[in-house]
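Under my numbering, the first residue of the sequence shown carries the number 3, and numbering increases by one thereafter.
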Amino acid sequence: DALFHALKDARGGIQWTQWEQGLANREHLALEKARNELRDQIDRHKFYQFLFFKQWQALSDYCHTRGVKIIGDIPIFVAHDSVDVWANREYFKLDHQGERTVVAGVPPDYFSATGQLWGNPLYDWERLKANGFQWWIERVRFALSQFDLVRIDHFRGFAACWEIPAGETTAERGEWVAAPGRELFTALTAALGDLPIIAENLGVITAEVEGLRAEFGFPGMRVLQFAFSSDDENIHLPDNYPRDVVVYTGTHDNDTTVGWFANLSKPNETGDERQNEREFCLKYLQSDGREIHWDMIRAALSSVADTAIITLQDVLGLGSEARMNLPASQTGNWKWRVKPEVMTNDVAARLRELTETYGRT
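This is how it looks when you write it as structure tokens:
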């Protein structure tokens, strides 16, 4: 990793496929020459990483002494311009120059009418399987050394991935291609034991995906903001939850609850449906809407879901200005940061009262 970043820095940040052929192909002599020439830069990156992990360990220890567990995230895919792909080209669907032949995404869904074109390279699952999924085993092993639990993003991709031809400008044209999820998680369990994993099973979910999740005992997800857009059989309504789920008021991909609710009052091409959603939400929660974030928090905490997760933006009752991420957009995301002064004793006391009332202390 340190060598990769030193090489990128020395070449103005250009993608690794544009490096000299010997370096792009990781030829031994070219790499040894680079290591000698960039020794100081490589050591600098190693030192940065040392400082980060020292600070992270201190934070982790601080949390654990107070009974706080940390949930990490494992995106199913990795970036094309990354050390993961540069050092392991054989495990990805690339051409002889290292360029992507197909890319990842999802078809049109709740978040985007044209789908989400993520652009990540897709795995060559046959080659990964031939090596006993060792690359994945080491990836998960490292994640579990840093976190107490991990949420695997886009879990449905372990049953089938949406493959989009490289060069497409939207995710509309693609096909579902099967992935060996059962074999992968069998290998992971054999190598690492019981896996403390949360499966992000949102979107177009099939019986095969749910069967895979259930077979390995991974809890799935429910999102309250999705609960009111249909009828009383909606799986995101709290009275339809099984116990083995994690309920969220909203995720990093959603608007804040206050922002989401405010937008339900704004007309659009499906204005009637949104008004119905708003009315159903208020009726279900027995709310007047003035403190919709606390009403949603109460619904999550009072549900039978094994785990409830509330975003800090919702605890603080913030609007769309505090949204973390807008799917299918490339700029302006992951900018919000909490300021210490907004974490008041009144907010903490109210959250504690609800947590204790519903037996989640």
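We treat Cβ as the ideally placed atom computed from N, Cα and C, and that holds for glycine. None of these values were measured; they are calculated from a predicted model.
Taking all protein chains shown into account, decide if residue i is buried (16 or more other Cβ within 10 angstroms of its Cβ) or exposed.
i, result
"ALA180", "exposed"
"LEU226", "buried"
"TRP120", "buried"
"TRP21", "buried"
"ARG245", "exposed"
"LEU287", "buried"
"TRP336", "exposed"
"SER267", "exposed"
"PRO1", "Since the first and last residues shown for the chain are 3 and 363, residue 1 lies out of range."
"ALA310", "buried"
Do you know whose CA, among the options, lies nearest residue i's CA?
i, options, result
"GLU202", "VAL211, ASP196, SER84 and GLY261", "VAL211"
"PRO110", "GLU358, TRP338 and PRO329", "PRO329"
"ALA216", "ALA161, GLU235, SER114 and TYR125", "ALA161"
"PHE157", "ALA193, ASP75 and ASN236", "ASP75"
"SER147", "THR251, PRO167, GLN332 and ASP63", "ASP63"
"LEU96", "ASP126, THR188, GLU34 and LEU287", "ASP126"
"GLY176", "ALA106, PHE144, ARG153 and GLY195", "ALA106"
"VAL340", "GLN17, GLY319, SER232 and ASN38", "GLY319"
"VAL260", "CYS283, ARG13, PHE218 and GLN17", "CYS283"
"MET326", "ASP316, THR333 and TRP338", "TRP338"
"GLU275", "GLU170, LEU31 and PHE230", "PHE230"
"PRO77", "GLY14, ALA145 and ALA36", "ALA145"
"VAL344", "GLY69, ASP316, ASP196 and ASN236", "ASP316"
"ILE2", "ALA264, THR188 and THR313", "The question about residue 2 has no answer here: the residues shown for the chain are numbered 3 through 363."
"PRO221", "LEU197, ASP233 and TYR360", "LEU197"
"TYR112", "GLN23, GLU128, SER232 and LYS10", "SER232"
Looking at residue j and residue i, is the spacing between their C-beta atoms short of 8 Å?
i, j, result
"ALA8", "GLY100", "no"
"ALA168", "THR116", "no"
"LEU204", "GLY183", "no"
"ASP155", "LYS71", "no"
"ARG46", "LEU5", "no"
Fully enclosed by the segment 146-227, which alpha helix (DSSP H) runs are 4 residues long or longer?
-> 183-194 and 209-217
The segment 301-319 contacting the segment 231-244, beta-carbon criterion three pairs below 8 Å | Touching, yes.
Any beta strand (DSSP E) of 3 or more consecutive residues that is wholly inside the segment 15-79 = 73-77
So does the segment 55-74 actually touch the segment 130-137, counting three or more Cβ pairs closer than 8 Å?
-> no
Taking three-plus beta-carbon pairs below 8 Å as touching, is the segment 74-91 in contact with the segment 137-148?
-> yes
Fully enclosed by the segment 240-291, which alpha helix (DSSP H) runs are 4 residues long or longer?
-> Listed in chain order, the complete alpha helix (DSSP H) runs (minimum 4 residues) inside the segment 240-291 are 259-265 and 273-287.
Assess, as a yes-or-no matter, whether the segment 280-299 is touched by the segment 250-268 under the definition of 3 or more beta carbon pairs within less than 8 Å.
-> Segment contact: the segment 250-268 against the segment 280-299, three or more CB-CB distances shorter than 8 Å; contact assigned.
Can you list, in chain order, the stretches of the alpha helix (DSSP H) that have 4 or more residues and sit fully within the segment 287-362?
-> 294-304, 314-317 and 347-359
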